Amino acid sequence: MIRLRCPHCGLRDHSEFTFLGDATVSRPGTEAAGDLARGGAWSDYLYLRRNPRGVQEEFWHHGRGCRAWLVVTRNTETHEVLDTRLARDRGDRA
Amino acid sequence: MKAYSAWSVFRHALTGNRHWPRAWRDPEPKAGYDVVIVGGGGHGLATAYYLASVHGIRKVAVLEKSYIGSGNTGRNTTIVRSNYEQNANARFYEFSLKLWEDLSLELNYNTMFSQRGVLDVAQSEGMVERYIRRGNAMRLNGIDAEFLSPAEVRSMLPGIYEDSACRYPIHGGLYQPRAGNARHDAVAWGFARAADSLGVDIIQGCEVTGFLQEGERIAGVRTNRGDIRAGRTGLAVAGSTGHVAGLAGLRLPIESHVLQAFVTEPVKPVIDTVLTFELADFYISQSDRGSLVFGGELDRYSSYAQRGNLPIVHDVLEAAVTMFPMLGRVRMLRHWGGVCDMTPDGSPIIGASPIEGLYLNCGWCYGGFKATPGSGWMFAHTLATGAPHAVNAPFALDRFERGYTINENGAGPFFNLH
Numbered sequence: 003m004i005r006l007r008c009p010h011c012g013l014r015d016h017s018e019f020t021f022l023g024d025a026t027v028s029r030p031g032t033e034a035a036g037d038l039a040r041g042g043a044w045s046d047y048l049y050l051r052r053n054p055r056g057v058q059e060e061f062w063h064h065g066r067g068c069r070a071w072l073v074v075t076r077n078t079e080t081h082e083v084l085d086t087r088l089a090r091d092r093g094d095r096a
Numbered sequence: 015m016k017a018y019s020a021w022s023v024f025r026h027a028l029t030g031n032r033h034w035p036r037a038w039r040d041p042e043p044k045a046g047y048d049v050v051i052v053g054g055g056g057h058g059l060a061t062a063y064y065l066a067s068v069h070g071i072r073k074v075a076v077l078e079k080s081y082i083g084s085g086n087t088g089r090n091t092t093i094v095r096s097n098y099e100q101n102a103n104a105r106f107y108e109f110s111l112k113l114w115e116d117l118s119l120e121l122n123y124n125t126m127f128s129q130r131g132v133l134d135v136a137q138s139e140g141m142v143e144r145y146i147r148r149g150n151a152m153r154l155n156g157i158d159a160e161f162l163s164p165a166e167v168r169s170m171l172p173g174i175y176e177d178s179a180c181r182y183p184i185h186g187g188l189y190q191p192r193a194g195n196a197r198h199d200a201v202a203w204g205f206a207r208a209a210d211s212l213g214v215d216i217i218q219g220c221e222v223t224g225f226l227q228e229g230e231r232i233a234g235v236r237t238n239r240g241d242i243r244a245g246r247t248g249l250a251v252a253g254s255t256g257h258v259a260g261l262a263g264l265r266l267p268i269e270s271h272v273l274q275a276f277v278t279e280p281v282k283p284v285i286d287t288v289l290t291f292e293l294a295d296f297y298i299s300q301s302d303r304g305s306l307v308f309g310g311e312l313d314r315y316s317s318y319a320q321r322g323n324l325p326i327v328h329d330v331l332e333a334a335v336t337m338f339p340m341l342g343r344v345r346m347l348r349h350w351g352g353v354c355d356m357t358p359d360g361s362p363i364i365g366a367s368p369i370e371g372l373y374l375n376c377g378w379c380y381g382g383f384k385a386t387p388g389s390g391w392m393f394a395h396t397l398a399t400g401a402p403h404a405v406n407a408p409f410a411l412d413r414f415e416r417g418y419t420i421n422e423n424g425a426g427p428f429f430n431l432h
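For the protein sequence lines, the chains are A and B, in the order given. The numbering of the first sequence is our numbering, which starts it at 3 and goes up by one. The numbering of the second sequence is our numbering, which starts it at 15 and goes up by one.
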């Protein structure tokens, strides 16, 4: 079982959380609307992923707990959790 | 290559099976090849075989970091089917299924392909509508499909739960009689042996660590056994696609996820078809040895670990004993995880990459095994001619930015929901 240390709730089983995905992609603004061409901001955001075999920052939602969005730094090869923080504390990219 | 036959089995039996020749060579890598395929699973080996047999391109190497068939080829649950609704999927998987039907003869290797049928059990009114719709779409594409009544489903499955004992009564089922399963290792070994006999070098213990770049194009690979030049380089590395493509600086519409599977001790024949229970995220079949082979959903977080977590073990076993209460006392032999290269539309990618000289065969999600011969055939065509066949053209990488996704189950652009 992967266990995540939620800043609000403490160490919890991962079955309380929902995985969203890579937290390094950022949602483009409305000025990029309709821009799906290669290299376009929306195409990148929706589809392209770094998908590293190793350390990745990712979004998890504590849906069966405090319902906060978290940014978890985790190793995808070993499942080791390196860091957990609130997504809202990142401000710009959350 | 000496062909296997009933006579050779008999002759070798008389001498205690001590004199079988090895099935494929163990060559040192050469300095260069016309085509280098990265990944010695079923797809890579099938690609090499069809490059040599259909296109006459025999200066081909298959590079495998471990031993052949050690990744998802040896980890899947061996189901072969073409019961898809979307035209592109239906045409591609039916092409593959037709190759399966002649594969043992073609390769002179028994792949133990058994057309025992795949039955998707409908457990709600809504599923009945959807399954009939999918069945009709299949028939329009020339694929066999039958909708079975609840009584017909029950007559096929004597051990299944009673309606009164379950929240979801059986409403019928979508049956594809020509579907079934095959021996997964034999598919890798059969393609390896046939490709090797046509001159393909299968190089095991050879891990790609980078690419040889010449200006804008890729001209080969760097490996732990030296540099190997290639006219064209094809990736068929399934769950490791993100990692290997990353060595070439590519980001792809792929996220790696873990899918678990389970096998019980061998028991007498109880299930003579392949069953899926979509509502319970559960599917099951019985191997020729008697083991029940089954599985469920993704763990749903990205992973390269080739092992899963206990919540899915719990969910799958709960579904198993709910659908087949008789399994309550059956002992598990083992369970394992495989890394699935999930795409945001649930369909694979076969075609050119944005980098000249580099071609992609990836994004098989958890459905790559059934595609093995079809994928190899189409990838070989693409590598040999530099352009996709009409059947794999819809699976181009640029379909995402063009808006032509092939989204079988209608989930959004989320890798773990397909």
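Every residue, glycine too, gets a C-beta built ideally from N, C-alpha and C. Bear in mind that the values here come from a model prediction, so they are computed numbers and not experimental data.
Name the chain A residues that come within less than 8 angstroms of H257 (chain B), Cβ to Cβ?
-> One finds N53, P54 and R55 in chain A with Cβ atoms closer than 8 angstroms to the Cβ of H257 (chain B), taken in chain order.
I71 (chain B) - partner residues in DSSP beta bridges = Listed as beta-bridge partners of I71 (chain B) by DSSP are no residues whatsoever.
Chain-ordered neighbours of H81 (chain A) on chain B, where CB pairs are closer than 9 angstroms = By Cβ distance, chain B contributes Y315, S317, A319, R321 and N323.
Output the distance between the C-alpha atoms of I174 (chain B) and M337 (chain B), rounded to the nearest integer angstrom.
-> Straight-line Cα distance between these residues: approximately 6 angstroms.
On the three-state DSSP scale, how would you describe R55 (chain A)?
-> R55 (chain A): coil per DSSP, three-state reduction.
Contact between the region 384 to 400 of chain B and the region 358 to 376 of chain B (3+ Cβ pairs under 8 angstroms) | Contact annotation: the region 384 to 400 of chain B touches the region 358 to 376 of chain B, with at least three C-beta pairs closer than 8 angstroms.
When the Cα of R148 (chain B) is compared with those of B:Y189, B:Q274, B:T29 and B:W391, which residue comes out closest?
-> Nearest C-alpha to R148 (chain B) among B:Y189, B:Q274, B:T29 and B:W391: B:Y189.
What residues in the region 14 to 27 of chain A have a beta carbon less than 9 angstroms from any beta carbon of chain B?
-> Correct list: D15, H16, S17, F19, T20, F21, L22, G23 and D24.
Mapping DSSP to helix, strand and coil, what is A193 (chain B)?
-> Here A193 (chain B) sits in coil by DSSP.
Between which two residues does the beta strand (DSSP E) carrying S305 (chain B) extend?
-> Looking at the DSSP string, the run of the beta strand (DSSP E) that includes S305 (chain B) is S305 to S316.
Report buried or exposed for H33 (chain B), applying the criterion of at least 16 other Cβ atoms within 10 angstroms of its Cβ.
-> It counts as exposed.
Using DSSP with H/G/I as helix, E/B as strand and the rest coil, what is P427 (chain B)?
-> P427 (chain B) falls in the coil class under three-state DSSP.
Does DSSP classify I326 (chain B) as helix, strand or coil?
-> Correct three-state label for I326 (chain B): helix.
Entirely within the region 76 to 134 of chain B and at least 4 residues each: give me those alpha helix (DSSP H) ranges in chain order.
-> The DSSP assignment places complete alpha helix (DSSP H) segments of no fewer than 4 residues inside the region 76 to 134 of chain B at 101 to 115 and 117 to 121, in order along the chain.
Can a CB atom of chain A be found closer than 9 angstroms to the CB of P358 (chain B)?
-> Judged by the 9 angstroms Cβ criterion, P358 (chain B) is in contact with chain A.
May I ask you to report which of helix, strand or coil DSSP gives W44 (chain A)?
-> Assignment of W44 (chain A) by DSSP, reduced to helix, strand and coil, places it in the helix class.
6 angstroms CB neighbourhood of W203 (chain B) in its chain, flanking five on each side removed = The answer is none, since no qualifying residue turns up.
Leaving out the 5 sequence neighbours to the left and right, which residues in its chain are closer than 7 angstroms to R92 (chain A) when beta-carbon positions are compared?
-> These residues qualify, in order along the chain: V73.
Exposed or buried, R197 (chain B), counting other C-beta atoms within 10 Å across all chains shown (16 or more means buried)?
-> R197 (chain B) is buried by the Cβ-count criterion.
Can you give the beta carbon distance from S264 (chain B) to I369 (chain B), rounded, assuming they're within the 8 angstroms contact cut?
-> Rather than Ser, the amino acid found at residue 264 (chain B) in this sequence is Leu. About 7 angstroms separates the beta carbons of L264 (chain B) and I369 (chain B), which is inside the 8 angstroms limit, making them a contact pair.
L397 (chain B) by DSSP, collapsed to three states: which one?
-> In the structure shown, L397 (chain B) sits in a helix (DSSP, three-state: H, G or I).
Which residues bound the alpha helix (DSSP H) around R413 (chain B)?
-> Counted as a single uninterrupted DSSP element, the alpha helix (DSSP H) harbouring R413 (chain B) occupies residues R413 to R416.
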